[in-house]
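Residue numbers (this note's numbering), protein chains in the order written: chain U, 1 to 243; chain S, 1001 to 1243.
From the three backbone atoms N, C-alpha and C, an ideal C-beta is built for every residue, glycine too.
Comments concern the structure below.
Protein chains: 2
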Amino acid sequence: MAKRNIQVCMTPKLFGLYADKKSIVVVVDVLRATSSMCIAFEKGVEKLIPVSTVEEALEYRNGGRDYILVAERNGKAVKSFDFGNSPQVYLDMDVKGRTVVMTTTNGTKSINIAKKDHDVVVGSFLNLDAIAKWLIKQDRDVIIFCAGWKDKFNLEDTLFAGALVEQLLDTDLYDNSCDATQASQVLWDRAKDDLFGFLKNSSHRNRLAKLNIDSDVHFCLKANQTNKIPILKGNVLVVEDEC
Amino acid sequence: MAKRNIQVCMTPKLFGLYADKKSIVVVVDVLRATSSMCIAFEKGVEKLIPVSTVEEALEYRNGGRDYILVAERNGKAVKSFDFGNSPQVYLDMDVKGRTVVMTTTNGTKSINIAKKDHDVVVGSFLNLDAIAKWLIKQDRDVIIFCAGWKDKFNLEDTLFAGALVEQLLDTDLYDNSCDATQASQVLWDRAKDDLFGFLKNSSHRNRLAKLNIDSDVHFCLKANQTNKIPILKGNVLVVEDEC
């Protein structure tokens, strides 16, 4: 039986080189967009609309419905929005049945690049085991699409890619011939016993530390806090449970 | 004293994100362009003209001078050229004082991208220690520019980047805040005891194995076969000795 392919795309700028119009794309922006999405669904959000620009997000404000508006640029909340990108805002709020409109520096942009030609799901450490199990059930090639930081390579998304690659390769159903896939696995293997320590000098952890949100980093690196798989249907993320 | 910056650019497609108009750029295409360049100079070549297209290279043929014309696309020699990209062609030939005109799939393209705004030198495992020493003497920031494979990330160039990063960081003169720099160092550290084995499943080693040129791979992974530093002056590579 032909094995399934796993590619890792390290930044949005490279996505066109990996896109094949048939793989399932797992979009990853560990710090913090896709972590926030996973926990939002865990806490009961019903729909999440990822948009690329602040202007698009603002149009929803004037739409008359009771949206939760989330906008982050350069790590900070955008003025006049309900929230920035912290996953922890969903913890103490009753968000059951509500719709979130979200725009972030990297994550929502990546979703909107991938959706043109591919089925899209959202991954983070928070739903790691669930998304691995869900992917294994699909008989499909996979592209793990790291959102990076402003088109640059980043460590945290690549580590997540390696963690997911490890689980997929354990099944023997997948082929491992992509150089970026192999690299992500080596990085994960080195980092997995102390993710927070490994990311000590990483550019984005330092960016967030300056904003005093190290607790978000700890939160986003915790594996398996939810079984929810955010799946894009049209332009809207909805959720599937991986039981 | 402010530390010098080291960035690793993993593919030509990302170079614009790292370019700063002031760093020295070390172009790396381990398999095989920059290895060939280093050994060509070691064997006495006086000048090497890297051109981006086969057509440009052919213009030199009609120029009347006694150029050695080298052209590679997709791992193979281009028809009607003297040689492909193998570094081993320089071993048994008298090339003293001659000029090579070279075009390759990735390496020469990267040199021509970098030269627009940066000083360019050429690195490979064959001149690893020499280029590290030479860089340390310059009081400049460094971008290690991996040529990759058709704009994709590749392992072998990133491993070389990691090897060079290790030597530069040992001096305590350089800062290590770029995520790609940190990743390359981790990969190098994992691979360094058995580079050939580590690259077993890499895409380009497999591409070359199909062409029966595994011996080139062994050749290109040998460290410190020359002290020559190919340096770009205008559009021509010439050589500096690092003693």
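- Residues of the stretch 15-31 of chain U with a C-beta less than 7 Å from any C-beta of chain S: L17, listed in chain order.
- For F160 (chain U), the number of other beta carbons within 10 angstroms of its own is at least 16, and it is reported as buried.
- Shown here for E56 (chain U): same chain residues with a beta carbon closer than 8 Å to its own, the five before and five after excluded, namely T103 in chain order.
- The straight-line gap separating the alpha-carbon atoms of L1211 (chain S) and F1083 (chain S) is approximately 15 Å.
- Here the alpha carbons of D241 (chain U) and D193 (chain U) stand approximately 28 Å from one another.
- By the CB criterion at 8 Å, V1120 (chain S) and V1027 (chain S) fall inside the cutoff.
- Along the length of the stretch 1106-1189 of chain S, whole beta strand (DSSP E) runs at least 3 residues long occupy 1119-1123, 1142-1146, reported in chain order.
- In the three-state scheme derived from DSSP, where H, G and I count as helix and E and B as strand, M1037 (chain S) is classed as helix.
- Under the three-state reduction of DSSP, D82 (chain U) is assigned to coil, being neither helix nor strand.
- In the three-state scheme derived from DSSP, where H, G and I count as helix and E and B as strand, L1208 (chain S) is classed as helix.
- The beta-carbon of K79 (chain U) is placed no less than 8 Å from the nearest beta-carbon of chain S.
- With contacts defined by Cβ atoms closer than 8 Å, T226 (chain U) and L135 (chain U) do not form a contacting pair.
- Each of S:K1079, S:V1100, S:A1163 was checked against the Cα of V1239 (chain S), and the nearest Cα belongs to S:V1100.
- Taking 8 Å as the CB threshold, F1196 (chain S) stays off the interface with chain U.
- The three-state reading of DSSP puts V1095 (chain S) in coil, since its state is none of H, G, I, E or B.
- Counting only Cβ-Cβ distances below 8 Å, D1151 (chain S) has contacts in chain U at L14, L17, in chain order.
- Annotation: A1132 (chain S) to T53 (chain U) spans about 44 Å, alpha carbon to alpha carbon.
- Per DSSP, the unbroken alpha helix (DSSP H) holding D1216 (chain S) starts and ends at 1214-1220.
- Interface residue (Cβ-Cβ distance to chain U less than 8 Å): T1034 (chain S) is not classified as such.
- The C-beta distance from V1025 (chain S) to D1157 (chain S) rounds to 13 Å, too long to meet the 8 Å contact threshold.
- One Cα belongs to F1081 (chain S), the other to L1237 (chain S), and the distance between them is close to 20 Å.
- Taking a C-beta distance under 8 Å as the contact criterion, L128 (chain U) and G162 (chain U) do not qualify as a contact pair.
- Under the three-state reduction of DSSP output, N62 (chain U) falls in the coil class, being neither helix nor strand.
- The beta carbon of S1110 (chain S) sits no closer than 8 Å to any beta carbon of chain U.
- Look at the stretch 155-175 of chain U: the residues with a C-beta under 8 Å from a C-beta of chain S are L155, T158.
- Within the same chain, and ignoring the five residues on either side of T108 (chain U) in sequence, the residues whose Cβ sits closer than 8 Å to its Cβ are A33, P50, V51, S52, M102.
- A direct Cα-to-Cα measurement between S1177 (chain S) and R98 (chain U) gives close to 40 Å.
- Around T1103 (chain S), no beta-carbon contact reaches into chain U at under 9 Å, the shortest distance being about 21 Å.
- Setting aside the 5 residues that flank it on each side, N106 (chain U) is surrounded in the same chain by P12, D29, A33, A147, G148, W149, K150, each with a C-beta closer than 8 Å to its C-beta; the list follows chain order.
- For L1208 (chain S), the closest C-alpha among the options S:K1047, S:G1075, S:K1022 is that of S:G1075.
- The DSSP-derived three-state label of L1017 (chain S) is helix.
- Residues N1005, Q1007, H1118, R1140, D1141, V1142, I1143 of the same chain have their beta carbon placed closer than 8 Å to that of S1023 (chain S), with the five preceding and five following residues left out of the count.
- A check of alpha carbon separations from K96 (chain U) across U:K43, U:E72, U:K200, U:S124 identifies U:K43 as the nearest.
- Listed along the chain, the chain U residues whose CB falls inside 8 Å of the CB of Q1182 (chain S) are L155, N201, S202.
- Close CB contacts of L1069 (chain S) within its chain, under the 7 Å cut and outside five residues either way in sequence, are with A1057, Y1060, R1061, F1081, D1082, V1101 (chain order).
- Your pair V1122 (chain S) and M1037 (chain S) checks out as a contact, with CB atoms roughly 5 Å apart and the cut at 8 Å.
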